[in-house]
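Let me begin by presenting the structure, written as structure tokens, before commenting on it.
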């Protein structure tokens, strides 16, 4: 069963936004290259502190592997404290 995650990354200030901007290109590249990744996007909104997140993986194992890789990444070290509001389907 496909796993889809959608939601928001909500920065509290310009420093958090700068961390997203700095680390996002590598995070996107690595995520899209993962086995089982169907789609992966983190896109700015009209609010410069809010990003729209959309991810899709072929199954729960691929999604779980993504989560494990992400938790050990520079992305998570730099952005782990930023508020996330996600909904997972599947």
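In the numbering used here, the protein residues as written are 1419 to 1508.
Where is the CB? At the ideal position from N, CA and C, for every residue including glycine.
Minimum C-alpha distance to residue i - residue among the options
i: residue 1492; options: 1465, 1443 and 1454; result: 1443
i: residue 1383; options: 1478, 1422, 1482 and 1500; result: An answer regarding residue 1383 cannot be provided, because it is not within the stretch 1419 to 1508 covered by the chain.
i: residue 1471; options: 1506, 1486, 1453 and 1487; result: 1506
i: residue 1445; options: 1432, 1487 and 1502; result: 1487
i: residue 1453; options: 1466, 1476 and 1460; result: 1476
i: residue 1433; options: 1466, 1451, 1447 and 1460; result: 1466
Cross-strand partners of residue i (DSSP beta bridge)
i: residue 1422; result: 1474 and 1507
Cβ neighbours of residue i in the same chain (closer than 6 Å, five flanking residues each side left out)
i: residue 1474; result: 1422, 1456 and 1457
i: residue 1428; result: 1468 and 1501
i: residue 1424; result: 1472 and 1505
Neighbourhood of residue i by C-beta distance below 7 Å, restricted to the same chain and skipping five residues each side
i: residue 1449; result: 1455, 1458 and 1484
Buried or exposed by the 16-neighbour rule on C-beta atoms within 10 Å, applied to residue i
i: residue 1481; result: buried
Own chain partners of residue i with C-beta closer than 8 Å, once the 5 adjacent residues on each side are dropped
i: residue 1478; result: 1419, 1421 and 1508
task: Could you say if the stretch 1438-1446 and the stretch 1492-1503 meet the contact criterion of at least three C-beta pairs nearer than 8 Å?
output: yes
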